[in-house]
Structures are given as structure tokens and as C-alpha cells.
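Residue numbers (this note's numbering): 91 to 305.
Note that the Cβ used here is the ideal one computed from N, Cα and C, for glycine as well.
Each remark here refers to the structure printed beneath this line.
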């Protein structure tokens, strides 16, 4: 998957097939965690995967100015500059739509649950929605990583977009215990283990064992 610019997340527990973010299919991706342990496994899955991607520009939006795993990224946007970054990326999307040729870009946003406050009164719901949903069509791909509960109950403009019609992602709870994805599941769905996540593409869900450097 890495050689195609895709980001494997884990292995389907039933089939052992690799599953993950496929940019051309999904556009953008949300990795939401429910516990600190899941966050650790989440990072151990995403960061080495991003590091393996070549010929792709990787940008970090440092939402709390405290993210430490910065060596993977080509560019780091500090907290105070994130609102203006979204204005700039809107212009980049429009340029690419008008024929500008540019390499694939990944934009990684840890602590994405803080984004609503950062962009409040600066980027509207409609503008944010247009950015994240149109960017993938011109090879700009957002990867959001954040607290599932905070986004689930969030009421700001960005929160509304992050929990509505998500094309693909992961949740840290059982599908029946969350409101991010519309996946239909059985009542016998087991609790999500620390090294697992519930992965979805559209309305299809999978239980994955997370990929890490140690396998």
C-alpha cells in the first residue's frame, strides 16, 4: 500500500487482509481514539506509515504546539498560523482545480478535537467542509487524529463537519456506541481491545489489529 501512496492501518481480524486509508477512494481520513492507550497504538500505526511514504509532501498542523514526533514532516504549522493555513490551502486547492500540477500532499492533524476552537469565527462550516471534501480530488489529503468523545459532543462548525458523512476512518469504541459512522453491526459486537480499532469505509465496517513497527 505504501508504494501507492496509501496508508495501511491494520489487518482485518477475520481475513488478515490489510486495510487503511486509500486517498483516491476516500479523500480524507479520521482516526479517532477513546483511551490514551489507543492513542499510543494509533500513533505507532500512523507515524511510521507516513514515514514510509515517498515523493509526497507531509505537513503537520501542530494544534497544541506540543506534538513531538515532527521529524517525519516536511513542514510544521504552529497553532497560531493554522487559521491562515486553511486560507492558503483553499487557494492551493483552487489552483490545482484550474490545472496547476503539484505532488500529492498529506496534512496530518493530531489533537483534531482542538481544531474547532482554533478555527472558530475564522473558518466557517461551509468553507471547512468545502476544503476537506474537495481537497482529495486534487491530491491533498487530510488525516485527522483526535479524541472521539470530544468530537462526538462538539458543537462548533469544524466539529459538525468532522462527525458528518465521514468517508473513511477509525473509531475507538464499538460501532453501536458511537455517532461518527453509520456502520450497521450486530448486538454481539465485542469491546475494542487496546491494539484494535474499528475501521470503516462508508457503511462497511471492519475490526482491525493495528499495524506497528513491531508488527
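For residue 223, the enclosing alpha helix (DSSP H) begins and ends at 215-225. With 16 or more other Cβ atoms inside 10 Å of its own Cβ, residue 206 counts as buried. Inter-residue distance for residue 201 and residue 123 is about 10 Å (C-alpha atoms, whole angstroms).
C-alpha of residue 247 to C-alpha of residue 101: approximately 34 Å in a straight line. The alpha helix (DSSP H) runs of length 4 or more contained entirely in the stretch 117-196 are, from start to end of the chain, 126-142, 172-187.
With respect to the 7 Å criterion, residue 256 and residue 270 are classified as neighbours on the basis of their beta carbons. For the pair of segments examined, the stretch 217-226 was found not to touch the stretch 258-272: the number of CB pairs separated by less than 8 Å stays below three.
Per the C-alpha coordinates, the member of 191, 252, 165, 294 positioned closest to residue 236 is 252. Here the C-alpha atom of residue 297 lies approximately 31 Å from the C-alpha atom of residue 215. With fewer than 16 other Cβ atoms from the protein chains shown falling within 10 Å of its own Cβ, residue 106 counts as exposed. DSSP links residue 296 through a beta bridge to 289. A direct Cα-Cα distance of roughly 14 Å separates residue 144 from residue 113.
In terms of CA proximity to residue 155, 166 leads the group 286, 166, 148.
In the three-state reduction of the DSSP assignment, residue 235 falls in the strand class. Spanning the alpha carbons of residue 280 and residue 172 requires a straight line of approximately 38 Å. Of the residues assessed, residue 137 falls on the buried side of the cut-off, its CB having 16 or more other CB atoms within 10 angstroms.
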